[in-house]
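Residue numbers (the numbering used here), protein chains in the order written: chain L, 210 to 417; chain A, 210 to 417. No residue lacks a Cβ here, since even glycine has one placed at the ideal position from N, Cα and C. Computed from a prediction, not measured in an experiment: that's the story for all the values here.
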DNA sequence: GTCTATAATGAGATAGAC
DNA sequence: GTCTATCTCATTATAGAC
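Right, here's the structure in full:
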């Protein structure tokens, strides 16, 4: 865990939420300890229950907000008036920036849904705020038809971009061990990542 | 959890190992319960301690073997006498096949190293059996120089392939919720995945 | 709202009979 | 080798003073 936040400027509830995010993101629901969260927040453990009643309720608060955050970066880009190439490059940029700030976020969401699928209702995301894939797909089809990009199935194209962007960050500890490189070397690699992915995608989408 | 294995044909130790793999892979070290493993194996809980002494020892056994498995599929491909394009496509094929059998494996390794970096020694992989990246990189550089594939940095090229292959599987629960699709639709998407990634990589590597 | 003390429970581990 | 019963401890949660 990092050093307890120098966050005396925040009220107790906020300090708990920030601390809970750090601990839950890294350790997950099962691995997190209420005492760790209290220490990290610099408050008494009993206060966590005073403000959030139970560990599970606190977790739900953190999880829901994390999921929304993840969703928002998706939707903002899709809705914007850009070409597909611009949108894809925007995806890459935004996700890599986010992963720099919050490397545990996607992994946290993935693993927690995995572990307790029953906890997350079928409609975790209400109908009206789901990602509007149809529009995006239509735009991709249109640009393909116009011969502006090479033909790939929209869903796969998007997954390719997400996979290349996100995986290299979440798999960092595994890759370091598998490849036998050190932290510094891997960080250097990650710094080049955005430019390299963009070049790769451009090359793939080039019409010949 | 799945139904208890109809694995009466295996001896007790094997049944425990198989059950432990299932439970640890899905729930992680912190989330797993010895009782769950015992139930899954169809044996008495005390036997887990008789055979493996502690939860931690049992976990170490499972983790180490999982990590070796992950490493082997890497190394086997790298060592084989194929062109880069063939090797990359072999990567894609092998990883997607493995993920079909064992969707939790990479996620398990990633999250457990994340949570307890101190547990895993710097040299989790002994020097002599590390992935021989140098050779692979040299081969890539050579094929680029010969104009057989477009120029990309070797490490990034490999990470692109791994990311596209692995991410779509490990992120399945997240994507299903984010995109508002159902399990069946996502499975259909995954079935097309191998061919789509190969097409994408070929397009990117094409020399113009 | 915040603290100390403590209850309640869950889960890993062991003893000892068979 | 396998089982039942039990010990021990960590952790969530609550009671009650301030």
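- Between the stretch 351-367 of chain A and the stretch 343-358 of chain L, the count of Cβ pairs shorter than 8 Å is below three; the stretches do not touch.
- Annotation for residue 267(L): 229, 261 place their beta carbon closer than 6 Å to its own, counting only its chain and skipping 5 residues before and after.
- With contact defined as three or more Cβ pairs closer than 8 Å, the stretch 336-343 of chain L and the stretch 404-414 of chain L are not in contact.
- When secondary structure is reduced to three states using DSSP, residue 218(L) falls in the coil class, being assigned neither helix nor strand.
- By the 16-neighbour rule on beta-carbons within 10 angstroms, residue 313(L) is buried.
- Listed in chain order, the alpha helix (DSSP H) elements of length 4 or more contained wholly in the stretch 275-353 of chain L are 293-310, 314-324.
- Under the three-state reduction of DSSP, residue 252(L) is assigned to coil, being neither helix nor strand.
- Nearest CB-CB separation between residue 243(L) and chain A: not below the 8 Å threshold.
- The stretch 380-397 of chain A makes contact with the stretch 312-326 of chain L; the number of CB pairs closer than 8 Å reaches 3 or more.
- Annotated as proximal: residue 340(L) and residue 388(A), with beta-carbon spacing under 8 Å.
- Any Cβ of chain A closer than 8 Å to the Cβ of residue 340(L) would place that residue at the interface, and such an atom is present.
- 313, 315, 316, 318, 319, 320, 322, 323, 324: these are the residues of the stretch 312-324 of chain L whose beta carbon lies less than 8 Å from some beta carbon of chain A, given in chain order.
- A distance below 8 Å between beta-carbons, with the five flanking residues on each side excluded, links residue 244(A) to the following residues of its chain, in chain order: 254.
- Counting the other CB atoms within 10 Å of its CB gives residue 298(L) a total of 16 or more, which places it among the buried residues.
- Annotation: residue 285(L) to residue 300(L) spans about 10 Å, alpha carbon to alpha carbon.
- Going by C-alpha positions, residue 417(A) is about 32 Å away from residue 396(L).
- The three-state reading of DSSP puts residue 270(A) in helix, counting H, G and I together.
- In terms of Cβ geometry, residue 218(A) and residue 232(A) do not form a close pair [threshold 8 Å].
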